[in-house]
Each structure stands twice: as C-alpha cells, then as structure tokens.
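The opening residue of the sequence shown carries number 44 in our numbering; numbering runs sequentially from there.
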Amino acid sequence: MASILKMHFEEKRKRLVESLKDRGILTKPEVIKAMSVVPRHMFVPKDAESSAYMDSPLSIGLGQTISAPHMNAMMCEYLELKEGEKVLEIGTGSGYHAALCAELVAPENSQNPGHIFTIERHKELVENAKKSLKDTGYEHKVTVIHGDGTLGYPEEAPYDKVLVTAASPTKVPVPLRDQLKDGGILCIPAGSKSFAQNLYVIKKHGTDFKSTKITGVRFVPLIGKYGFES
Ligand code: SAM
Numbered sequence: 044m045a046s047i048l049k050m051h052f053e054e055k056r057k058r059l060v061e062s063l064k065d066r067g068i069l070t071k072p073e074v075i076k077a078m079s080v081v082p083r084h085m086f087v088p089k090d091a092e093s094s095a096y097m098d099s100p101l102s103i104g105l106g107q108t109i110s111a112p113h114m115n116a117m118m119c120e121y122l123e124l125k126e127g128e129k130v131l132e133i134g135t136g137s138g139y140h141a142a143l144c145a146e147l148v149a150p151e152n153s154q155n156p157g158h159i160f161t162i163e164r165h166k167e168l169v170e171n172a173k174k175s176l177k178d179t180g181y182e183h184k185v186t187v188i189h190g191d192g193t194l195g196y197p198e199e200a201p202y203d204k205v206l207v208t209a210a211s212p213t214k215v216p217v218p219l220r221d222q223l224k225d226g227g228i229l230c231i232p233a234g235s236k237s238f239a240q241n242l243y244v245i246k247k248h249g250t251d252f253k254s255t256k257i258t259g260v261r262f263v264p265l266i267g268k269y270g271f272e273s
C-alpha cells in the first residue's frame, strides 16, 4: 500500500514539474531536479497531502501557508543558487522551500556543501518544519531558528543569498541588507500588508542595490521589528 501511494505522489510530482516547465517557469536543470526530488506531500498537513502537487498555496495552520509551487520555483530560479552557498530564509513555514534550497546548495555527495539557515516566528511551525526536514533527510543541511527573521541571523552572516517568503513593507529591510554579501541576491515580496505586493530580486553591489520588479504576488505579511506590526 505504502509503495503504491509513493508511486502515486511521484507521478503527481512529475506532472507538476512538467507543467511548470511547459509554462516556462522552470528552466534551470538544477532547479528542475530539486523540484523533482523534494517530496512536497511530506511538508503539508496530512489532510492536504492529496493536494500537495496542485499548483496552489495550502494552509499549514496558524493562518499561514506553504506557497504555490510555481512561486517556489520562480524564487529558486531568480536566486541563482549554487553549490556551496550559505542561504538565509525568512519564513520557514512548512520547511519545503528550505529543503528545495538545500537540494541546490548541498546536493547529494557534494564535496562543498552549502547550508540553509531559516527563521520562523511561530514555535509550532518551527517544530513541524524540523520534523518534516528530519523525515525527508534534510535536517543536516537546514538549521531552523525560532525568532523574528526581520532581524536576520547575524551569528552566521554574511549570506550569499537571502530569501524572504512573507510580504515586507520595505524592499530592503536594514538587517538583511547588512547581512547580505557583496554580489549577493535578495529575493523578497514587498508592498502592502494584504494586497498590492510585488516580488523583487535585488542585487547588492557595494553600497548600491539594483532592484528588479518581477511580478505581482500575494504573500502573508512579514511581522516583526523591521516588518509589519502584528
Ligand atoms: N517558505 C515557507 C514554506 O516553504 O512553507 C512558506 C512561508 S509562509 C508563506 C510565510 C511564513 O513567514 C509564515 O510561516 C510566517 O509565520 C512567517 N513569518 C512572518 N513574519 C516572520 C518573521 N518576522 N520572522 C520569521 N517568520 C516570519
């Protein structure tokens, strides 16, 4: 029974990846591979498992969501993640996006594995994400931290890439700006608390930041000292 179910999920995942490729969202071979191997159904609540490979966001409790797969794919592509990189993610949620990033910076048998540091403000989600990451074998590649991610994580700075998966009131929160390496990339949704947000890809060049607006998006708000008030 378990192996039939596994095949069922693998088949659905394969179809999702094919459709993201057909839509021109997935283009980079390494991102295609990551989306093809990370089992999204193991990061969603049990009652949502059968919807795990639909291209839509799903509730993960506490009013929070796991983003739609096309959004995970886009952000991974724009971040230009490479083996060996150190990445900071703000908004762990389910842990799925952190696992995708881990596949990219620390692929199996890597001689130069990178690492993901991911911060979540809800303790219950931290615990759920840690369990999912352990069950899927990513626990040694991802460190989950409970706290206010708008402060970044200076203990491990600087980062090659910073990924924010909740909508920020500002495009470049000060601590994240300071903790990004020169030449690094920040991918962040920014705008109002509930509507009218855009996804930005921001490249740091010394004290300059080159920002590109990608598309309109809708994310849950980034709540914290350098985010929105709760
Ligand atoms: N990346 C997640 C995934 O793969 O499931 C989806 C993230 S969900 C859209 C946004 C998350 O950001 C929520 O879990 C929310 O609790 C979290 N969040 C919001 N503000 C935060 C903050 N200041 N620090 C850390 N996490 C925050």
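In this text, a Cβ means the ideal position worked out from N, Cα and C, and glycines have one as well.
In this structure, the ligand SAM has a non-hydrogen atom nearer than 7 Å to the beta-carbon of Val263. By the 16-neighbour rule on beta-carbons within 10 angstroms, Pro232 is buried.
For Lys76, the uninterrupted alpha helix (DSSP H) run begins and ends at Pro72 to Val80, by DSSP. Here Thr70 is actually not in contact with His140; their C-beta atoms are around 18 Å apart, not less than 8 Å.
Straight through space, the alpha carbons of Cys144 and Glu126 are spaced by roughly 10 Å. If you look at Glu163, you'll find it in the beta strand (DSSP E) that goes His158 to Glu163. Annotation: Lys256 to Glu61 spans about 26 Å, alpha carbon to alpha carbon. Using a Cβ distance threshold of 8 Å, Gly195 and Pro212 do not count as a contacting pair. In this structure Gln154 is exposed. Its beta-carbon is surrounded by fewer than 16 other beta-carbon atoms within 10 angstroms. Rounded to the nearest whole angstrom, the C-alpha separation of Pro197 and Val205 is 13 Å.
At a Cβ-Cβ threshold of 8 Å, Glu128 and Asp251 do not count as neighbours. A Cβ-Cβ contact shorter than 8 Å links Val148 with Ile159. About 5 Å separates the Cβ atoms of Phe271 and Lys236, confirming a contact at the 8 Å cut-off. If you look at Pro201, you'll find it isn't in any beta strand (DSSP E); DSSP assigns it neither H nor E. Straight across, the Cα-Cα distance linking Glu92 with Lys174 is about 16 Å.
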